[in-house]
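Right, one structure below, let's go through it.
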Amino acid sequence: MKKVLLSGNEAIARGVYEAGVRFAAAYPGTPSTEIMEQFAKYDGIYAEWAPNEKVAVEVAIGAALGGARALAVMKHVGVNVAADPIFTVSYTGIEGALVIISADDPSMHSSQNEQDNRNYAKFAKIPMLEPADPQEAKEFIKLAFQISEQFDTPVFLRTTTRVSHSKSVVALEDSHLPENKTKLAHHAAKYVMVPINARMRRVEVEKRERALRRFVETFAENKMEINDPEVGIITAGMPYNYAKDVFPDYSYLKLGMVYPLPVKMIKQFAGKVKKIYVIEELDPYLEEQIRAMGIEVTGKEIFPYTNEFDPGIIKHAILGDLRGSVSPYKETLALRPPNLCPGCPHRGLFYALKKSKAYVHGDIGCYTLSYLKPLEGLHSCICMGASIGMAHGMSKALKEKGKGKVVGVIGDSTFLHSGITGLLNMAYNNSDALIIILDNSTTAMTGMQEHPGTGFTLMGKEAKKVNLPVLVSSLGIENIRVIDPNNLKETQIAIKDELASSGPSVIIAQRPCALFKRANMKPVPPLKIDPDKCEGCKACLGLNCPPIAWKEGVTREGSKRKGLAVIDETICNGCGLCAQVCKFNAIA
Amino acid sequence: MKDNKVKSILFAGVGGQGILRASDIMCQTMMEAGFDVKKSEVHGMAQRGGCVTSHVRYGARVYSPLAASGTIDILISFEKMEALRYLKFLSHDASIILNTEEINPPAVNMGELPYPADIINFLKNHYAKVIAFNAAEIAQQAGSIKAANVVLLGALSNLTGIDRAIWENVIKKSFPQKLIKLNLEAFQKGIAA
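Chains as they are written, first to last, in the numbering used here: chain Z, 392 to 979; chain Y, 4 to 196.
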């Protein structure tokens, strides 16, 4: 058996392929994105980027109702978007198989919240598996499809960032294609969820729940390890590894399925050990259910509710007041917040927008980084697509006080994800807000994924490319302007004019992402700062462009400057924005 | 190090320095040397200019891809001041490999905070083994500043006791044909640094 190093996401893609699953839909989102990118590389499969998670799940449901084994993949907050179909496909069941992957992000490495999606399993009455490492991720995704077929149910597979993005040794197996069972099968009473049918299916869900509760008692991936009988740990997923790292000799009940829970097995484990700790990141999800079984456990009174764990956190919680190593370095270190790339088209837009002094509702994407100093370009950011509705709502509520002062900014991929309906509403209910669509021709934040506005599919085929100005116009927006955000003057004038105009306006700021290879932008030589002309005013540093640095103490006769700005030519891509802000013509 | 003890390496630096590629090469080397290995990294917000770290752990059986604070055996810092950010993760007898290249964070550029002075002496006062050199300059001698990550791996290979042939074999597999010679030379220069 060949062994290779794989990330959790690569291992899941491999597992899906090995299981003979050939159909998947997703919307990109960290930490889930690589699952689809890897899966799309295998031969003989069909994989697509849907415009959002709800559509992805609906596409997968359609395939599964046609007898296919289908996968839908998303990050944790994507499940919120897709929750509507998910809660009802739990009632209908499917003809083929349906697995939904939720990639959670404890510690919010790349997310706006750290919701614990195990709650969705209980809430929607859908079984959920949770692997602890890449090898298990590959095995569990196969089991998820088996369970889906056996019990006529959608199944969740939950990962966390540390499972998705850690790498370890994985044994590869061959792909086994099962018999193709796709067909048109009409079972209207099962799939038309009008009340009379839904009430029937509701009863079937409870039957399935009972069957799954029996099944889970013998499920081989719920594993009991009896070592030291003094201390027993009940855990699941990555925290198992953290606990084993520091307490290899305790007894363990490691749950591979976190919904439903094996009640008998948990009670049996409780009978074999004296003191029980429940170790889980985020919510006391296992803890509350285990307490409800009448078992006394120690959990969130010593373990944190917030952020991901590591072995040290678990050790310190259990052994009491034992501190980790303390840094001998006591001075304040300058942070390195993530930054927009050199040549990023968002930089010019936000530099111009800041000068307008408007209240800017932000959205999810690279441009959210413009919130940070010195650009300070955003004043709110809630979730995908929210900027437009929020700008409209604020504009309506503030009336004259908000006139000319309320802006929403949204990326092209995010606009197509869930901004269209917001803009339709804005045209329909007519507010004065200005919406700026930051069209960089890709889904940049998650690493250059295709979407309906790029002209290509996930599998690399040419596709219909949505025409943004035409789309915006057809929603009922009359003031539409297309600009190049790297032209500062044009950008400033457009923002000023559209803020002043009444009724809803849309500016489409078009320039490809600086890292986007297909855009085929002509290479421009890096810029230089003339040390004889630089007056040390730091205007260029206000752009926070990575190549521009400050050299303190380089003075010049006849100038009051205290230092000078320099450009690192190895990373400057010559976008020319800094030359536009320099009042002394020192940059060329 | 006893054979069954898990060894923990922390790679740290600034986005764009080839940190994740370097930790991938190390993991592959440890796997081919017969160890169990796990590594952890965070994608997404780790854009150019942000802090990037990667934990690599190897041994007979590794559970956690993250090391507890106070247990890192070797810190390999791709930027000088970044070493200071992660000292709480280090065990008291940790070794430090330090690229002395300086990359200013925005707050230093804006004059709000100083770039820390005298970092090498500070580290030498607190840790037994500090190997400091400018990996970017050495990589430039080998042919490209981009090979600084492989120069640092050369220095790391001095501390791991793994057969050099395994390292070199993995490096050969990790780069396109035209970059192999350059990276092997960078690796050798790192061993000698």
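Ideal Cβ placement from N, Cα and C applies to all residues, glycine included.
Computed from a predicted structure; not experimentally measured.
It is roughly 21 angstroms from the alpha-carbon of residue 87 of chain Y to the alpha-carbon of residue 154 of chain Y. Put simply, of Z:906, Z:771, Z:650 and Z:690 the residue whose alpha carbon is nearest the alpha carbon of residue 604 of chain Z is Z:650. With a contact defined as Cβ atoms closer than 8 angstroms, residue 849 of chain Z and residue 427 of chain Z qualify at about 7 angstroms. At a beta-carbon threshold of 7 angstroms, the residues of chain Y lying near residue 725 of chain Z are 108, 110, 111 and 116, ordered along the chain.
Residue 462 of chain Z is bridged by DSSP to Z:415 and Z:490. Note on geometry: alpha-carbon atoms of residue 858 of chain Z and residue 189 of chain Y lie some 49 angstroms from one another.
With a beta-carbon spacing of about 4 angstroms, residue 734 of chain Z and residue 905 of chain Z fall inside the 8 angstroms limit used to define contacts. For the C-beta of residue 140 of chain Y, not a single chain Z residue is nearer than 9 angstroms; the gap to the nearest is close to 13 angstroms. When rounded, the separation of the alpha-carbon atoms in residue 169 of chain Y and residue 832 of chain Z is 43 angstroms. DSSP, reduced to helix, strand and coil, places residue 915 of chain Z outside both helices and strands of the structure shown, so it counts as coil. Sequence-distant Cβ neighbours of residue 126 of chain Y in its own chain, meaning closer than 6 angstroms and more than five residues away, are 99 and 133. Identification of chain Z residues near residue 52 of chain Y by a Cβ-Cβ cut-off of 7 angstroms yields 727, 729, 730 and 937, ordered along the chain. For residue 632 of chain Z, the residues of chain Y that pass the 9 angstroms Cβ criterion are 41, 65, 66, 67, 68 and 69, in the order they occur in the chain. Residue 396 of chain Z places its beta carbon 8 angstroms or farther from that of residue 20 of chain Y. Considering only Z:855, Z:854, Z:900 and Z:572, the residue with the shortest C-alpha distance to residue 873 of chain Z is Z:900.
One finds nothing in chain Y with a Cβ atom closer than 7 angstroms to the Cβ of residue 493 of chain Z; even the nearest lies about 16 angstroms away.
The segment 588-625 of chain Z contains no complete alpha helix (DSSP H) run of 4 or more residues.
What residue 93 of chain Y touches in chain Z, judged by beta-carbon distance under 9 angstroms, is 716 and 718, going in chain order.
By the Cβ-count criterion, residue 754 of chain Z is buried, with 16 or more other Cβ atoms from all chains shown falling within 10 Å of its own Cβ. Under the rule that a run must span 4 or more residues, the alpha helix (DSSP H) segments found entirely inside the segment 465-533 of chain Z read 467-483 and 509-515. Around residue 932 of chain Z, the beta-carbon contacts reaching into chain Y at under 8 angstroms are 112 and 113. When DSSP assignments are scanned along the segment 767-827 of chain Z, the uninterrupted stretches of beta strand (DSSP E) that are 3 or more residues long and fall wholly within it turn out to be 797-802. Residue 121 of chain Y has its alpha-carbon roughly 26 angstroms from the corresponding atom of residue 932 of chain Z. Counting every other CB atom within 10 Å of its CB across the protein chains shown gives residue 648 of chain Z a total of 16 or more, marking it as buried. For residue 437 of chain Z, same chain residues with a beta-carbon under 8 angstroms away, outside a window of 5 residues either side, are 413, 414, 415 and 850 in chain order. If you draw a 10 Å sphere on the C-beta of residue 109 of chain Y, you find 16 or more other C-beta atoms in it, and that means buried. The beta carbon of residue 737 of chain Z does not come within 8 angstroms of any beta carbon belonging to chain Y, so the residue lies off that interface. Short of 8 angstroms from the beta carbon of residue 53 of chain Y, and not among the five residues preceding or following it, lie these beta carbons of its own chain, in chain order: 17 and 18. Uninterrupted beta strand (DSSP E) stretches at least 3 residues long and entirely within the segment 829-914 of chain Z occur at 870-874 and 896-901, given in chain order. In this structure, residue 870 of chain Z places its C-beta atom within 8 angstroms of the C-beta atom of residue 889 of chain Z.
Contact annotation for residue 171 of chain Y against chain Z: no contact, minimum CB-CB distance about 18 angstroms [criterion: below 7 angstroms]. For the options Z:828, Z:524, Z:855 and Z:717, the alpha carbon positioned closest to that of residue 95 of chain Y is the one of Z:717. DSSP, read as helix, strand or coil, puts residue 171 of chain Y in helix.
From the beta-carbon of residue 179 of chain Y, no residue of chain Z is found nearer than 7 angstroms; the closest lies around 16 angstroms away. Counting C-beta pairs with one atom in each stretch, the segment 747-762 of chain Z and the segment 489-500 of chain Z have fewer than three that are closer than 8 angstroms, which means they do not touch.
Looking at Z:491, Z:784 and Z:807, the one whose alpha-carbon comes closest to that of residue 448 of chain Z is Z:491.
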